[in-house]
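*Asks:* Just so you know, our numbering puts 1456 at position 114 of the sequence shown, and the rest follows in order with no gaps. Below are the structure tokens for one structure; questions will follow.
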Amino acid sequence: MNLVTLVLLCCLSTLLFCLGGEKAPDALEKFQKKMEPIKENLGLGSIIWGILAVFGSLVSLINHSYFIISLLASFTVLILALPFGINKIFSYIKMDNPILKETVTESIGKIEKHSKIFGIVGYVVAALLFFVIFR
């Protein structure tokens, strides 16, 4: 479970890092162009995986020696996936409350505004999870 979370963390952090207004290096731009067609599906799948991984981390509390890092990585996947998957969620769920939709959209906008910071946080959490998995 942690290995999939690690891959999603790296992928979502790279996509968020590329969202910033500055020109990204060529390798990151190639990655972003390849991920463009599946960005929304990746976001929706990552949100679902983040929710399942949070509950999986909570259930495996007894057997898991690095519970905090695993839970932090799961929450980070959930937060990093929101800018990419929220439109797909809005298309599936009918929101009658415009204030709630506006609040959620503003929160996602803040994540997109500070995308470089969230990308770096994702990389740091991915590095911690890497050291936990391959210790």
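The beta carbon of each residue, even a glycine, is placed where N, CA and C say it ideally should be.
Under the rule that 16 or more other beta-carbon atoms within 10 Å means buried, what is Ile1428, buried or exposed?
*Replies:* Locating residue 1428 in the sequence shown gives position 86, counting from the first residue. Result: buried.
*Asks:* Following the continuous alpha helix (DSSP H) through Pro1440, name the residue where it begins and the one where it ends.
*Replies:* Within the sequence shown, numbered from 1, the residue matching residue 1440 stands at position 98. Per DSSP, Pro1440 belongs to the alpha helix (DSSP H) from Pro1440 to Lys1455.
*Asks:* Starting from Met1377, trace the alpha helix (DSSP H) both ways and give me its first and last residue.
*Replies:* Counting from 1 along the sequence shown, the entry for residue 1377 is found at position 35. Its alpha helix (DSSP H) spans residues Asp1368 to Met1377.
*Asks:* Pop quiz: Ala1423 and Ser1388 are said to be a contact at Cβ under 8 Å. What is the actual Cβ separation, rounded to whole angstroms?
*Replies:* Reading the sequence shown from its first residue, position 81 is the one you call residue 1423. Reading the sequence shown from its first residue, position 46 is the one you call residue 1388. So it is a contact: roughly 3 Å between Cβ atoms.
*Asks:* May I have the straight-line CA-CA distance separating Thr1445 from Asn1383, to the nearest angstrom?
*Replies:* Against the sequence shown, residue 1445 aligns to sequence position 103. Against the sequence shown, residue 1383 aligns to sequence position 41. Cα to Cα, the separation comes out at about 23 Å.
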